[in-house]
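Only one structure is covered here, and it is reproduced in the block below.
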Amino acid sequence: MSSSEQLCLSLLRQCKTLKTVKQFHAYISKVGLDANSFVAGKLLLHCAVTISDTLDYARRLFLLFPDPDIFMYNTLIRGLSESSTPQYSLTTYVEMRRRLMAAPDSFSFAFILKAAANYRSLKAGIQLHSQAVTYGLDTHLFVGTTTISMYAECGCVAFARKVFGEMFEPNVVAWNAIVTACFRCGDVKGAKIMFNQMPFQNSTSWNVMLAGYTKAGELELARTSFLEMPIKDDVSWSTMIVGFAHNGCFEEAFGFFRELQRVGIRPNEVSLTGVLSACAQAGTFEFGKIIHGFIEKAGFLHIISVNNALLDAYSRCGNVGMAHLVFESMPEKKSIVSWTSMMAGLAMQGYGEEAVQLFNKMEKSGVRPDGITFISILYACSHAGLIEQGCWYFSKMTEVYGIEPAIEHYGCMVDLYGRAGQLEKAYDFVNQMPISPTAIIWRILLGACSIHGHVKLAERVKERLSELDPNNSGDHVLLSNIYAIAGKWKDVAALRRSMADQKIKKTPGWSMIEVDKVMYSFVAGRGRNEITDEAYEKLREMMLKLRVEGGYIPEVGSVLHDIEEEEKEDAVSGHSEKLALAFGMARLREGRTIRIVKNLRVCGDCHTVMKLISKVYGLEIVVRDRSRFHSFKDGFCSCRDYW
DNA sequence: TTAGGGTTAG
């Protein structure tokens, strides 16, 4: 390497942003090194892979080279394979085959197979695999391992096993890949068998087992392996925290985090993001603040992913102000995750216009949205009734950014139309979708029928749901509520009988509230104890005050059966969110905001009660239900009764 | 002369 090349490389390492990269490019053009394929290749690598948000620039840069070499092609293919548009990786590969005289090498195949995996394109994957065979590269350790992962991503564990069987001397990485492949395709037993056959098991192999078990929801198997494994490293601990948090077991996630600290292991950025994700789910704002303090003291504030998790935890705990503070204070450049999480935070609170403004600001700052960003913005539009904007973003996603809509995007569109009352349009949209609608899609439509009391369409939708997911209790409950609102008590009774015959149980509603850093959960209709007694007593007092001072009349539509009015009133008054609210009012200091997390959607009567309480008691109440946040203040809710 | 595969992160 010449000394001028060496100088260039050390300069390049300093470039962290698009602006500095452009300055670097101007510099090498000036000194005549821009045609030096080594320097140009390093610059391309830097933009396409090393730093973020400069992939578009890398693509433009690539076009400037008259004769790109195989390194440049491989580098661009690699950068694109990790992007939100891995299909462009394939087109680059095809162009390379056409223009370049040299044959693709092991690097080309490793990167391009990764693209096929990320694109979940089995057809492309098989073609590429057969080309690798032609070049004798299919048994190459790196190529073979990527091929295994590709087949696993495409759901073909049998092909993955075949490739593994043909590998000459699989090393530990290849073994780990085949175990992961089994898990990826849902073959938990197969994964364990392969693990037992491994000639060598280092920490990573055990970690593969932990991750596989937790992703399969096999938490007890994960715990057993965790206790058995000879050496637990920080990845093992992080995997347990993240795995339990993802399965909704936030208490256990907190437990692993405390245990990790007790045994003297320093939390790393992933265990911190994991514990913050548990805070986000549980809505434990106070505990989140403690973790925030720890992050500050332990010097993790410069890590973008930690900031993102913190931002997300604050916004899911209902404190969009703190979330915004974290967002604004983020070091260096915000990542696409930061923008997306901030948008989702605003969307959950019903700040649709603000989310749209943020999207525009993001585009102006040169950050490219990915598929998840579009889920957030579409969600924001549907929850704020911004129908035209939502449609515009939906077409922009494909036309401008080349992102193919996934099932989640279609779901957002169905919600957008359905929530706004355009039920026929939503129904037509579902029937015209290019991919076949899942139960979730129909369920969104059923939810919309429930909001707008559309009994006929609800029945049609429920038929489709019964074919796809017959035992889902939520769907039955939703339909029966639709009947109840319409006063169709005979239909309600028939539905209840069929639920009982099929032994379908209603998912119990629970609500949680944090008081003095302790989480209390309430389940409607469960046995009494000291805590619930305290809640019921306060509830009685509150309801009396509401009737006298707030003019409250109970809404009973959300009760399942045709029972006497008074009994119905009893059933809604015991809803878990009311109990949590009453408990919070009994225990929390006056003037404190009451924050409640509920697993299901908040019911109509509870919603009315909370609005009245916020007015009569001069209180602020924040409820996070399954679909969004409700902030009650002065008798109004932030959802504008639109949820 | 440059780079790559398996585990944790919205």
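Residues 1 to 643 (full-length UniProt numbering) are what the first sequence spells out, left to right.
Ideal Cβ positions, reconstructed from N, Cα and C, are used throughout, including at glycine.
Please read these numbers as outputs of a predicted model, since none were measured by experiment.
Quiz item: Between Glu577 and Lys545, which are expected to be in contact by the criterion C-beta below 8 angstroms, what is the C-beta distance as a whole number of angstroms?
Solution: No, Glu577 and Lys545 are not in contact; Cβ-Cβ is about 18 angstroms, not under 8 angstroms.
Quiz prompt | Thr91 classed as buried or exposed, judged by whether at least 16 other C-beta atoms fall within 10 angstroms | solution = exposed
Exercise. At 4 residues or longer, and completely inside the segment 143-193: list those alpha helix (DSSP H) runs for me, N to C.
Key: 157-166, 172-184
Quiz item: Using a Cβ-Cβ cut-off of 7 angstroms (strictly less than) and excluding sequence neighbours within five positions of Lys517, which residues of its own chain qualify?
Solution: Glu286, Phe287
Quiz prompt | Length of the line joining the Cα atoms of Ile231 and Phe300 | solution = 25 angstroms
Self-check item: Helix, strand or coil at Ser83 according to DSSP, with G and I counted as helix
Solution: Residue state for Ser83 is assigned as coil, using DSSP reduced to three classes.
Quiz prompt | Segment limits, alpha helix (DSSP H) that includes Phe629 | solution = Segment 629-633 is the beta strand (DSSP E) holding Phe629; no alpha helix (DSSP H) there.
Self-check item: Coarse secondary structure for residue 648, derived from DSSP in three states
Solution: Because residue 648 is not part of the residues shown, which for the chain are 1 to 643, the question remains open.
Quiz item: Count the other CB atoms within 10 Å of the CB of Glu566; is the residue buried (16 or more) or exposed (fewer)?
Solution: Bear in mind that a pLDDT of 45 at Glu566, under 50, signals an unreliable position, so the number given afterwards is only what the model happens to contain. Glu566 should be labelled exposed.
Quiz item: So, do the segment 77-95 and the segment 107-116 have three or more beta carbon pairs nearer to each other than 8 angstroms?
Solution: yes
Self-check item: Host alpha helix (DSSP H) of Lys615 (start-end)
Solution: Per DSSP, the unbroken alpha helix (DSSP H) holding Lys615 starts and ends at 604-616.
Quiz item: Quick one: Cα of Asn471 to Cα of Val455, how far?
Solution: 21 angstroms
Quiz item: Is it right to say Glu564 is buried, meaning 16 or more other beta carbons lie within 10 angstroms of its own, or is it exposed?
Solution: Annotation note: pLDDT 48 at Glu564 (below 50); position unreliable, coordinate value reported separately. Classification of Glu564: exposed, given that the 10 Å Cβ count is below 16.
Quiz prompt | For Phe636, the three-state DSSP class (helix, strand or coil) | solution = Phe636: strand per DSSP, three-state reduction.
Quiz prompt | Coil, strand or helix - Lys503 by DSSP | solution = coil
Exercise. Give the straight-line distance between the Cα atoms of Tyr642 and Ile51, rounded to the nearest whole angstrom.
Key: Taking the straight line from one Cα to the other gives about 42 angstroms.
Quiz item: Under 8 angstroms between the Cβ atoms of Gly144 and Cys185?
Solution: no
Quiz item: What number of angstroms, rounded off, separates the C-alpha of Glu296 from the C-alpha of Leu310?
Solution: 11 angstroms
Exercise. Return helix, strand or coil for Met512, following the three-state DSSP convention.
Key: Of the three classes helix, strand and coil, the one that applies to Met512 here is strand, per DSSP.
Exercise. Run through the segment 356-443 for me and flag every whole alpha helix (DSSP H) of 4 or more residues, listed as ranges in chain order.
Key: 371-383, 387-399, 407-419, 423-432
Quiz item: How is the beta strand (DSSP E) around Arg540 delimited, first residue to last?
Solution: Per DSSP, Arg540 belongs to no beta strand (DSSP E); it is in the alpha helix (DSSP H), 530-545.
Quiz item: Three-state secondary structure (DSSP) at Ala595?
Solution: According to the sequence provided, residue 595 is Arg. The question's Ala does not apply to it. In the structure shown, Arg595 sits in a strand (DSSP, three-state: E or B).
Exercise. Might you give, ordered along the chain, the residues of its own chain that have their beta carbon closer than 7 angstroms to the beta carbon of Ala278, omitting 5 neighbours on each side?
Key: Ala245, Phe250, Ala253, Phe254, listed in sequence order.
Quiz item: Going by other Cβ atoms of all chains shown within 10 Å of its Cβ, with 16 needed for buried, is Asp67 buried or exposed?
Solution: exposed
Exercise. Kindly indicate which three-state DSSP category Arg624 falls into: helix, strand or coil?
Key: strand
Quiz prompt | Leu560 versus Ser498: straight-line alpha-carbon distance, rounded | solution = A caution first: Leu560 carries a pLDDT of 47, below 50, which makes its placement in the model too unreliable to give a value.
Exercise. Please classify Ser121: does DSSP put it in a helix, a strand, or coil?
Key: coil
Quiz prompt | Collapsed DSSP secondary structure at residue 644 in the structure displayed | solution = Residue 644 lies beyond the range of the chain shown here (1 to 643); nothing can be said about it.
Quiz item: By Cβ distance, which residues of its chain are closer than 6 angstroms to Ser621, with the 5 residues on each side in sequence left out?
Solution: Residue identity check: residue 621 is Ile in the sequence provided, not Ser. The answer, listed in chain order, is Ile594, Met610, Ser614, Phe632.
Practice problem: Assign Met413 to one of two classes, buried (16 or more other C-beta atoms within 10 Å of its C-beta) or exposed (fewer than that). | Solution: buried
Exercise. Give me the Cα-Cα distance between Phe168 and Asn196, rounded to the nearest whole angstrom.
Key: 20 angstroms
Exercise. Check whether the Cβ atoms of Leu479 and Lys462 lie closer than 8 angstroms to each other.
Key: yes
Quiz prompt | Where the alpha helix (DSSP H) containing Phe285 begins and where it ends | solution = 285-298
Quiz item: Taking three-plus beta-carbon pairs below 8 angstroms as touching, is the segment 113-125 in contact with the segment 433-453?
Solution: Segments in contact, no.
Self-check item: Unbroken stretches of the alpha helix (DSSP H), 4 residues or longer, contained in the UniProt repeat "PPR" (233-267)
Solution: 234-246, 250-262
Quiz prompt | Contacts around Ile303, its chain only, beta-carbon distance under 8 angstroms, and the 5 residues preceding and following it disregarded | solution = Glu269
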